[in-house]
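Enquirer:
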Amino acid sequence: IDKGDPSIGLPPYNGGLFNAAQAPLLTQPAVRLNDQVMADLLAALSFDSKTGNYINYRDLSVEQLGSIYERLLDHELAHRDGAVTVQPNLFARKKSGSYYTPDALVRLIIKETLTPLVENRSAEDILALKICDPAMGSGHFLVSLVDYLSDRVIEAMAAAPEEEETESHGAAGLNGTPVAERIEAIRATIRENARRGGWQLEESQLDDRHIVRRLVLKRCVYGVDKNPMAVELAKVSLWLHTFTAGAPLSFLDHHLRCGDSLFGCRVGEAIEQGMDAGGLFLERPLREATQAAHAMHAIEELTDAEIEETEASAKLFAELQEATGPLTTFLSLVHALQWLDLAKKDNKKARSNFLVGLYGNPVAVAEGKESVEKKNDQHGHFALLLEQARALLSEERFFHWQVAFPGLWHDWTGENSGGFDAVIGNPPWERVKLQQVEWFGARRPEIAKAQRAADRKRMIQTLKNAGDPLAGAFTQAEQQANATARMARSCGDYPLLSGGDVNFYSLFVERAHALVKPQGMVGLLTPSGIASDKTAAGFFRGVATEGRLRALYDFENRRTRYNAPPFFPDVDSRFKFCVFVASASASASSPPARCAFFLHSTAELADSRRCFTLTAEDFARVNPNTGTAPIFRSRRDAELAMGIYQRLPVLVDRSTGEEKKAWPVKYSTMFHMTNDSHLFRTKEELEEREGAFPVGGNRWDSPKGVWVPLYEGKMVQAFDHRAASVVVNPENQHRPAQPVPTTVQQHQNPGWLPDPQFWVLKNKTSFPEATCLLTFKDVTAPTNMRSMIAALIPGFGAGNTLPVVSTSMWDEQTAVGVEALLANLNAIPFDYVARQKIQGQHLNWFILEQLPVIPPDHYTTTRFGPKTAAEIVQAAVLELTYTAHDMAPFARDMGHVDAAGEVLPPFPWDEAHRLHLRAKLDALYFHLYGITNRDDVRYIYSTFPIVERQEQDAYGCYRSLELCLAYMNALAAGQPDVVVEG
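Going by this note's numbering, the sequence shown opens with residue 253, and the numbers climb by one from there.
(1) Take residue 1146 and list the residues in its own chain whose beta-carbon comes closer than 6 Å to its own, dropping the five residues that flank it on each side.
(2) What I want to know is whether the C-beta of residue 284 ends up closer than 6 Å to one or more non-hydrogen atoms of the ligand FAD.
(3) Does the segment 678-689 come close enough to the segment 649-667 to have 3 or more Cβ pairs within less than 8 Å?
(4) Enumerate in chain order the residues of its own chain whose CB-to-CB distance from residue 544 is below 7 Å, with the five nearest sequence positions on each side excluded.
(5) What residue ranges within the segment 1077-1119 form continuous beta strand (DSSP E) runs of no fewer than 3 residues, ordered along the chain?
(6) By DSSP, does residue 865 sit in helix, in strand, or in coil?
(7) Can you have a look at residue 278 and say buried or exposed, based on whether 16 or more other CB atoms are within 10 angstroms of its CB?
(8) Taking the alpha carbon of residue 1108 as the point to measure from, which residue in 1120, 1100, 1102 has its own alpha carbon closest?
(9) In the DSSP output, which residue or residues are listed as bridge partners for residue 835?
(10) In chain order, what residues of the same chain lie with their CB nearer than 7 Å to the CB of residue 602, ignoring the 5 residues before and after it?
(11) How about residue 972 and residue 1040: are their beta carbons less than 7 Å apart?
(12) Using the Cα positions of residue 907 and residue 861, report the straight-line distance between them to the nearest angstrom.
(13) What whole-angstrom Cβ distance do residue 461 and residue 408 have, given they're in contact under 8 Å?
(14) Three-state secondary structure (DSSP) at residue 1183?
(15) Using CA coordinates, which residue listed in 488, 864, 792 is at the minimum distance from residue 508?
(16) Taking the Cβ atom as the reference point for each residue, do residue 650 and residue 516 lie within a distance shorter than 7 Å?
(17) Do the segment 387-399 and the segment 476-491 meet, that is, are 3 or more Cβ pairs less than 8 Å apart?
(18) Identify every residue that forms a DSSP beta bridge with residue 755.
(19) Just to confirm, are residue 640 and residue 583 a CB contact at a threshold of 7 Å?
(20) Return helix, strand or coil for residue 551, following the three-state DSSP convention.
(21) Taking only runs of the alpha helix (DSSP H) that begin and end inside the segment 624-698, which ones reach a length of at least 4 residues, in chain order?
(22) Just the C-alpha distance for residue 865 and residue 510, rounded to the nearest angstrom, thanks.
(23) Taking the straight line between their C-alpha atoms, what separation do you get for residue 1114 and residue 900?
(24) Quick check: the Cα distance between residue 199 and residue 606, rounded to an integer number of angstroms?
(25) With a cut-off of 8 Å on the beta carbons, I'd call residue 978 and residue 1007 a contact; round off their distance for me.
(26) Identify which residue in 1135, 1222, 1162, 1157 has its Cα closest to the Cα of residue 1178.
(27) Under three-state DSSP, which class holds residue 295?
(28) From what residue to what residue does the alpha helix (DSSP H) around residue 1027 run?
(29) Answer yes or no: do residue 820 and residue 782 have a C-beta to C-beta separation smaller than 7 Å?
(30) Where does residue 307 sit, in a helix, a strand or coil, going by DSSP?
(31) Considering just the uninterrupted stretch of the beta strand (DSSP E) at residue 454, what are its terminal residues?
(32) Quick check on the DSSP output: the alpha helix (DSSP H) that includes residue 395 runs from which residue to which?
(33) Tell me whether residue 1045 sits in a helix, a strand or coil according to DSSP, three-state version.
(34) Going by C-alpha distance, which of 1077, 992, 1020, 924 is nearest residue 1054?
(35) Would you check if there are 3 or more beta carbon pairs closer than 8 Å linking the segment 1021-1031 to the segment 987-1003?
(36) Which one or two residues does DSSP pair with residue 972 in a beta bridge?
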């Protein structure tokens, strides 16, 4: 097949797919497979084992190849008992973050990204585009890219009269001819070769579209992937898709490369280091590498219509690699030295000496043509570094973009002057940091099931002490992950998106922007955090507020509206991702960004109520501190939220560089559930390890001091600090601690208290002086029953899933305090706006501080009949919160005492009465937020569908809504104390 066989009318297909060098083992004399063995193998591959039907591999799609790639990533080779085996490893693919992208999303990204580049462009201009997928996987994006560009070329040819095309582009067309003439020449070559070779042709594969696909593939399509298997599968995908009987497979090695897209060395960086040190060693390698651009251009010009052209392409590419080899090898070593720990003075000195040539010509040393003699300590020290660097290079595939694709960047020594016209793709979504639970879950489940991080740490140390080989593998994986994160932060390539817990997708986003021309486009599928996470705020603010954002389409992984399976079945159905399209630079004519959120299908983008535009000013208004994206579900949501922001201040405004607070608040977390887990004790540990004994109020005394409950987010609900106890199921690796909801009977007992998972030792340094704490649930989602859930808890401990918002208990000037802020946070209008901001599964402080709140003075200046808003809020919040004896300090602070100054008993727990109290509060806050149109109120309530469904089941109506509308009228009529009927 590789060389062809005239005796059976088989043309040579070449391309490398059937090259003997791809399977060197099979060329060994000791390994020979006779025809009978091969016949049996081919038969097994050619027929369905169950039905006996013939398998038509021509119909093999990129989707099926992508599925093969995913399944291959689910396994790993293992050496066991002297044999090589294949074993499952579900962690392997998750670590790579590789998931097959549904075709509709691929087409959407390509269309949104490339439309500005192909509109009103000639066929020649389109064929001159350079588009790259830097994490190409099995080539899905590239296959769709070939189709999209081919269709646009055909359309451009049809739109331009033949005479005009010849006159305008005859001198600048491909090889000096218009595209139409080039297509006809390729077609004639294939037919002539088939006639001479006696090959059978399929005329349907010789139409313009098929031939243009081959032109697009050879000239426009670029891809890189770290996994060699992915590169080979991408080639197969593209070969199958552009196959033309009678023509060889296109040569693709020049544009589809294997390497780490994220890590490599810029030529200018190496030149700066070398020249600053006085070395001229790079002159010749640099000259030869830059001249390789001619070879790259020549390869792209060859159409591969006949075998001689594919052989010429391969020969030119070999010359290109030879010319760029010395510079590539040197850059790899320079970059590897950066990865090593060079913080020590001796290491930095050794690297500097290497660059000035103290150990020989640095390029020759990198190539191994010169050895480093250990004639003194300095040479010996560098020889050790060199050995470590080469060991690293044997594991990593650093990729140097400028040298790998010569000709794309015009000036390697200066600022970015060149690059791709567009970068597209779906990069890995996984965190760089090694996730211990997932890693051990695939290898040693009992470690993954440890209840606390501190317990898991002890178990890992036990492995190391025992010399278990798994400990070495874990240490190596952890060190590699840590080195990757450290390099991402220190290399200088990712100044905006390498903060916090680094994720691979964020690095790819920043890399993509660096790879495109100043007028280029970037279109990627990423987690929605790119537009909402605090660590991405600096990057997204620049894109959004400078007018560079072109499209932001936010999707939920679940597709429940259509009873369809998730977009990505192996990813949590609640996960959100987005189509992110941006230009590298803005212009005065830049259009507003097209936005849509909570999509379940790409077809929903045709709905003008779902898809709308946001200007740079809009982003700055709704998130003044970060410039991150809101997530308006509809145009109506955008209008309602924008109106609120125009009327009211945000909780904390930093847009001017100075901090302006609507409330005197301070945010804090008391205990980190992972990092502080060594401070926690279970009930059994209190008794056995601490010698503790219960003293009432869920507290334990001990020789060390008093242990108090550690509250977690799962234990509270709105106005309810006793919402759930915590039980532990060690079989659940990812969520062993689960809430057990409090019953009505337990709520009605003011002495009943929930059981926490842990207790902590109370001391002055870790605990605030307040008698009670205003907290809110950090773990949430905009699709939950409620997204903002706040509660007062006793002055005990709180985990990081239950952050604390400190404010004064009472302000003499405004006559309001923590109770008003609590009511505001739990109000439906506030939650409605909050749901427009939460992209992920956490209500972070940077989101909360940018939400509009009612300022303290509004409570006393706004009256409803005889009472101020402050008086209404205080009475309702006191009754909703003070339902147990442990909240007596709050009741005292609120003045709920008898004539003798003793705190009065808690209020009884009455579900129906609590529903009225909360409805009255919501009604009051609708007035305070300036939303008095009843249709708007109904619409806002409709955005809480779980609440509506539960109340329909319980009451036969949307009870909260009906009560709220009634109380709104009562308040407007000046009757705040009335109890509405119904």
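We put the CB at the ideal spot given by N, CA and C, even for glycine.
Expert: Reading from the atomic positions:
(1) 1130
(2) In the structure shown, the ligand FAD is absent, as is every other ligand, since no ligand is present at all.
(3) no
(4) 572, 575, 576, 658
(5) none
(6) strand
(7) exposed
(8) 1120
(9) 773
(10) 630, 633, 634, 637
(11) no
(12) 30 Å
(13) Incorrect: roughly 13 Å between the Cβ atoms, too far for contact.
(14) coil
(15) 488
(16) yes
(17) yes
(18) 683
(19) no
(20) helix
(21) 629-647, 653-656, 688-693
(22) 39 Å
(23) 14 Å
(24) Outside the shown range of the chain (253 to 1234) lies residue 199, about which nothing can therefore be said.
(25) 7 Å
(26) 1222
(27) helix
(28) Run containing residue 1027: none in the alpha helix (DSSP H); it sits in the beta strand (DSSP E), 1024-1028.
(29) no
(30) coil
(31) Counting along the chain, residue 454 falls outside any beta strand (DSSP E), and DSSP gives it neither H nor E.
(32) 392-411
(33) strand
(34) 924
(35) no
(36) 969
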